[in-house]
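Chains A and B are the protein sequences, given in the same order.
For the first sequence, the residue numbers in the numbering used here are 4 to 441.
For the second sequence, the residue numbers in the numbering used here are 330 to 762.
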Amino acid sequence: MKQLGDDYVAPEFRQHLLKNGIRLHVQTTRKFKTTTVNLFLHQNLNNENATRDALLSYILRRGSETAPTTQILAQKLEELYGASLRTDVFKMGERHLLSLRLDLVGERFLVQPDGLLRRGLDLFQDVLTRPVTEKGVFRQDYLDQEKDTLRRTIEGLINDKGQYALTRCVEEMCRGEPYATFRYGRREDIEPISAADLFRYYQGLLQANPIDVFVVGDLDFQTAADLLEETLRFPREGGREIPAGAAEKEVTEVKRVMDREDVNQGKLILGYRTNIPYSDPDLFGLVVYNGILGAFPHSKLFLNVREKASLAYYAVSRLETTKGLLFISSGIESSNYQRALDIIEEQVADMAAGRISQEEYDNTQKALISQLKEEEDSPGRRILSYLEGLINDRPLSTEEEIRGIIGVTREDVIRVAGRIKPDTIYFLNSSQRVGEMR
Amino acid sequence: MTVEVLTNPILKEAVYSQVLPSGLKVFVLPRPGYNKKYATFATHYGSVDSHFVVPDTGVDLQVPDGIAHFLEHKMFEEEFGNIFDRFAKLGASANAYTEYVATTYLFSATDNFEASLEVLLDFVQRPYFTDENVEKEKGIIEQEIRMYRDMPRWRVQENLLEALYHVHPVRINIAGSVESIYRINKDLLYQCYRTFYHPSNMVFLAVGDLDPERVIQQVADNQARKGFSPQSQIKRLYPEEPPSVRQREIVEEMVVSRPMLNLGFKDNATGYAGRRLLEKEVAVTTALEALLGKSSELYSRIYQEGLIDEGFGYEYMAERDYAAVIIGGETRDPQRLKDLLLEGIQQAQQQGVNEAAFERQRRKAVGGLISLFNSPENLAYQFNHFYFRETSLFDYQEVLEKLGPEDVNRSLREHLSPENLAVSVIKPKKTGV
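Here it is in structure tokens:
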């Protein structure tokens with residue numbers, strides 16, 4: 004059997020600072036059939052900013068000077084062999100990110116490429132730097148329509164019960180901290196935003212906030228650097244810093260929160276503080292801890308909540324490594340609340356007591372290494388994972404991550420377990436039969 | 330027996346294949362440079378195959394709804410424990426999914442591909458059902474069913490199929506119901522297994538940085554050791570489906586922020602597979618893109634009225650024995666959206682799509698096909714889906730090139746006719762219990 008992670012060489016990102024201070028990260032590879040360009044605008048996380056960023060992510064889709072309607076923009080993208088140009092907002096720790104991503108088919112696969120990459124980048128530039136305006140600011144009708152879209156998005160969270168439960172748990176758990184902010188912001192913050200305010204805010208973002216741009220595809224470093232220098236050649240002052248968020252918090256009492264809705268399945272979420280920042284030497288120990296506890300079908304949660312007790316279809320744990328949070332989620336019958344909670348807490352206690360078999364440990368290490376290697380097969384996933392490292396001033400190559408995982412010992416995992424503290428137990432359910440919550 | 334190679338110079342891709350003596354079809358799609366190696370082992374057996382003749386006994390059997398999916402869950406159980414652990418020891422991860430017409434088992438690995446491949450072939454060909462392990466699964470699947478029941482996107486579509494079809498089993502959801510799964514027992518599972526899991530009803534596919542000849546040889550050796558005897562053709566019994574829609578409208582209340590609408594157009598021109606089915610699918614899909622895509626007039630209009638959002642979508646479900654166009658999404662006003670969609674459809678049927686829109690959709694489809702090869706799992710999914718309809722993903726480009734605007738215009742007229750329409754609506758329930 005092959006050894007863990009041996010003879011593995013991952014392609015790397017090469018860095019280049021554009022003249023205006025935008026950080027460029029290039030990965031040259033021929034394995035994909037597309038070229039991906041992904042730009043991230045960094046911002047402080049709070050309700051006002053999240054709301055404005057989300058609104059921007061919608062309004063940018065409405066078009067640019069050369070493609071002044073959604074319809075014309077869509078037509079242009081179709082002409083570029085179905086190129087996709089997507090915007091998104093999300094948070095990493097206590098930082099909000101506005102993303103603009105272009106995916107283009109590689110020119111070598113086309114009979115008549117007609118300068119596809121260049122034309123795609125021109126459109127990217129146009130959408131980013133020359134949105135449709137009216138009297139020097141965003142068009143009022145577009146703004147009004149997109150305010151509606153954003154309201155619907157925020158209200159629509161309830162349509163996905165799993166996401167709703169997780170978001171509510173975060174909200175209760177991190178009350179008073181920036182991380183409590185929903186990635187689309189708040190309904191009540193939408194109304195006061197004017198076209199002029201939003202436009203000014205956007206210009207400020209472009210001029211002063213940190214920007215990272217990634218290119219992954221079949222073009223060499225110098226070509227990518229030249230093309231992006233050209234594409235992103237707007238003047239910037241730069242200089243706005245995004246403060247690092249807090250990744251540790253002392254919990255004095257475990258919060259218990261229950262929401263009632265008429266649902267078929269109760270959603271149980273347990274939120275923990277890992278108290279381990281991304282920069283901490285125990286980062287990889289934490290990743291292994293999470294793997295043994297609940298990231299895989301061989302993990303304790305799947306085995307005990309699902310396979311042994313038949314209480315759930317899913318029981319998983321996941322990490323937010325920038326903010327230092329761990330969440331356990333499971334969908335259960337409302338009346339099984341206490342049983343499920345007991346089994347889950349028993350697994351967490353077993354981790355802390357070091358009741359981890361050699362097999363659990365080995366399987367988890369292998370699964371994590373496999374996952375890291377597979378990440379290299381998806382431009383989007385690799386970009387996001389690298390971005391998280393950048394944000395935490397600890398950019399990690401895949402090889403460094405694999406070495407990190409290999410270096411974790413059982414003692415490290417047990418030490419990590421000792422640092423993780425329960426914070427909030429959240430339950431979305433329909434039943435009156437849940438019984439007294441302890 | 331020799332390995333066949335089919336290449337596509339535009340995609341710069343090749344697929345290697347061989348039919349083994351047992352009837353198993355084996356395909357390998359090399360993806361140089363990829364770390365992930367992905368393999369699927371799939372049977373042409375899904376939730377719609379609920380009535381059939383058991384080959385060895387000749388018994389005509391109607392089984393409880395959801396049994397194909399139940400069987401998929403139970404295949405992961407072995408006499409000596411669960412199969413996830415076997416894969417975990419190899420650093421590989423396994424999964425499976427059941428659809429209306431197929432059940433697919435898969436693993437993904439970066440190392441130990443060959444050992445993982447043996448595990449996949451062996452566990453799918455070694456059923457182990459006991460009264461106890463069958464009982465144990467019911468609680469798990471019940472929670473899976475309940476999870477989907479809380480998802481409005483699934484409900485709106487399931488209800489639509491229930492409205493479109495009188496008797497065809499596609500009207501029943503894949504996992505069955507909480508009531509039907511409790512009627513499943515190990516004997517029924519074994520009978521389904523014996524009927525549908527013969528290698529001649531299955532297909533194997535591997536995608537990744539692999540040596541195709543070597544993979545095919547390994548599968549052949551594994552199968553040769555098991556000595557399968559030939560199986561006669563499977564008799565699947567489907568009820569006679571009347572051409573009309575069963576019910577014009579189904580409305581359900583759920584805890585959602587706003588209503589959802591799905592329009593469904595039942596397609597009665599079914600009963601065939603292969604190239605003809607692919608041509609039909611490509612024509613209808615192109616028609617829908619031109620009519621309803623973001624670049625269309627109709628989309629602009631309904632978007633600007635605030636009737637739809639990013640989640641608005643459309644698809645053509647095109648199988649041998651059933652087919653339907655489905656259009657919809659969340660909306661503040663299902664009636665208004667329905668009216669505008671039907672009006673837009675009628676207009677397009679009269680005027681036809683313009684040449685430029687048609688060309689753009691064709692370009693977009695070419696780009697979509699090329700991009701598909703970026704993702705091993707999506708590629709495998711599509712490849713198998715084409716295979717089960719007796720066609721090939723590698724034929725897609727040629728069909729697309731031969732497509733003309735007249736095919737698209739004919740599709741608009743034939744596949745979106747108001748007499749074949751049914752509507753499914755989810756309405757918000759007052760929240761709080």
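Using N, Cα and C, we set each Cβ at its ideal position, and we do this for glycine too.
Computed from a prediction, not measured in an experiment: that's the story for all the values here.
Would DSSP call residue i helix, strand or coil?
i      : result
H45/A  : strand
E487/B : helix
I423/A : coil
H527/B : coil
T433/B : strand
E15/A  : coil
G505/B : coil
F712/B : helix
Y429/A : strand
P568/B : coil
V355/B : strand
L107/A : strand
M261/A : strand
M646/B : strand
I656/B : strand
M480/B : coil
T331/B : coil
S197/A : coil
Y367/B : strand
H744/B : helix
K252/A : coil
Just to confirm my understanding: we take residue i, look at its own chain, exclude 5 residues before and 5 after, and list those with CB closer than 8 Å. What are they?
i      : result
Q633/B : none
P588/B : E659, T660, R661, D662, P663, V754, I755, K756, P757
R385/A : Q30, V219, E378, E379, T401
So, under 8 Å CB-CB, residue i and residue j are touching, yes? Tell me the CB distance rounded to an integer number of Å.
i      : j      : result
P280/A : A312/A : 35 Å between Cβ atoms; not a contact.
S509/B : D394/B : 4 Å
L722/B : Q711/B : 6 Å
H301/A : F413/B : 6 Å
A1/A   : L431/A : Residue 1/A is absent from the model: chain A starts at 4 and stops at 441.
Q268/A : I335/A : 7 Å
What residues in its chain sit with their C-beta under 7 Å from that of residue i, if we drop five residues either side in the sequence?
i      : result
V308/A : L314, A315, A318, S333, A343, I346, I347
Q552/B : L349, S351, L353, P528
L107/A : T37, T38, L83, A86, L119, L120, G123
N433/B : It should be pointed out that residue 433/B corresponds to Thr in this sequence rather than to Asn. So the qualifying residues of the chain are T369, A371, A425, Y426, N713.
R397/A : Y281, S282
F381/B : L390, T524, I563, K564, R565, L566
T331/B : none
For residue i, collect the residues of the same chain with a Cβ closer than 6 Å to its Cβ; drop the 5 residues on either side in sequence, then sort them by chain order.
i      : result
L455/A : There is simply no residue 455/A to check, as chain A begins at 4 and stops at 441 in what is shown.
G681/B : N738
T459/B : none
H402/B : E466
E97/A  : L48, P181, Y182, G248
Of all the residues that make up the segment 438-457 of chain B, which are near chain A by a beta-carbon distance shorter than 7 Å? Here the close residues are A438, T439, D440, N441.
Spell out a yes or no on whether the segment 675-690 of chain B and the segment 509-523 of chain B are touching, meaning 3 or more CB-CB pairs, one atom from each, closer than 8 Å. No: fewer than three Cβ pairs fall under 8 Å.
Is there contact here, the segment 140-158 of chain A with the segment 75-86 of chain A, by at least three beta-carbon pairs under 8 Å? Counting Cβ pairs under 8 Å, fewer than three are found: no touch.
Which of the residues in the segment 262-284 of chain A, read from start to end, lie with their CB under 7 Å from any CB of chain B? Against chain B - using a Cβ distance shorter than 7 Å - the residues of the segment 262-284 of chain A are R263, E264, D265, V266, N267, Q268.
Selection of the segment 290-303 of chain A by Cβ proximity to chain B, strictly under 8 Å: So the list reads F299, P300, H301, given in the order they occur along the chain.
By the 9 Å beta-carbon criterion, what residues does the segment 15-38 of chain A contribute toward chain B? Residues of the segment 15-38 of chain A whose Cβ lies closer than 9 Å to any Cβ of chain B, in chain order: T32, R33, K34, F35, K36, T37.
Segment contact, 8 Å Cβ cut-off, at least three pairs: the segment 122-142 of chain A with the segment 58-73 of chain A: The answer is yes - the segment 58-73 of chain A touches the segment 122-142 of chain A, with three or more Cβ pairs under 8 Å.
Give the residues from the segment 94-125 of chain A that approach chain B closer than 9 Å (Cβ to any Cβ), ordered along the chain. So the list reads D106, L107, V108, G109, R111, F112, L113, V114, given in the order they occur along the chain.
If contact is defined by three or more beta carbon pairs under 8 Å, each pair taking one atom from either stretch, is the segment 423-437 of chain B in contact with the segment 370-386 of chain B? Of all C-beta pairs linking the segment 370-386 of chain B to the segment 423-437 of chain B, three or more are shorter than 8 Å, placing the two stretches in contact.
Using a beta-carbon distance cut-off of less than 7 Å, what residues from the segment 471-486 of chain B approach chain A? For chain A, the residues of the segment 471-486 of chain B that bring a beta carbon within less than 7 Å of one of its beta carbons are Q472, E473, R475, M476, R478, D479, P481, in chain order.
Proximal residues, the segment 611-632 of chain B versus chain A, C-beta separation under 8 Å: Residues passing the 8 Å Cβ filter: G622, K623, S624, S625, E626, Y628, S629, Y632.
What residues in the segment 407-429 of chain B have a beta carbon less than 9 Å from any beta carbon of chain A? Listed by position along the chain: N411, F413, D414, F416, A417, K418, L419, G420, A421, S422, A423, N424.
How about the segment 333-345 of chain B and the segment 399-415 of chain B: do they share at least three Cβ pairs that are nearer than 8 Å? Touching, no.
Can you list, in chain order, the residues of the segment 140-154 of chain A whose Cβ is nearer than 7 Å to any Cβ on chain B? Among the residues of the segment 140-154 of chain A, those with a Cβ less than 7 Å away from any Cβ of chain B are Q148, D151, T152, in the order of the chain.
Does the contact criterion of 3 or more C-beta pairs under 8 Å hold for the segment 100-115 of chain A versus the segment 699-715 of chain B? By the C-beta criterion, the segment 100-115 of chain A is judged to be in contact with the segment 699-715 of chain B, since at least 3 inter-stretch pairs fall below 8 Å.
The segment 664-690 of chain B: positions lying closer than 9 Å to chain A by Cβ: For the segment 664-690 of chain B, the beta-carbon criterion of a distance under 9 Å to any beta-carbon of chain A is satisfied by A685, A686, E688, R689, Q690.
Listed from N- to C-terminal order along the chain, which residues in the segment 645-661 of chain B have their beta-carbon within a distance smaller than 9 Å of any beta-carbon of chain A? For the segment 645-661 of chain B, which is checked against every Cβ of chain A, the residues closer than 9 Å are E659, R661.
Residues of the segment 81-95 of chain A whose Cβ lies closer than 8 Å to any Cβ of chain B, in chain order: Of all residues in the segment 81-95 of chain A, E81, E82, L83, Y84, G85, A86 have a Cβ within less than 8 Å of some Cβ in chain B.
Counting Cβ pairs closer than 8 Å, one from the segment 183-192 of chain A and one from the segment 200-220 of chain A, do we hit at least three? No: fewer than three Cβ pairs fall under 8 Å.
When Cβ atoms are compared, which residues of the segment 355-373 of chain B fall closer than 9 Å to chain A? Cβ contacts with chain A come from R360, P361, G362, Y363, N364, K365.
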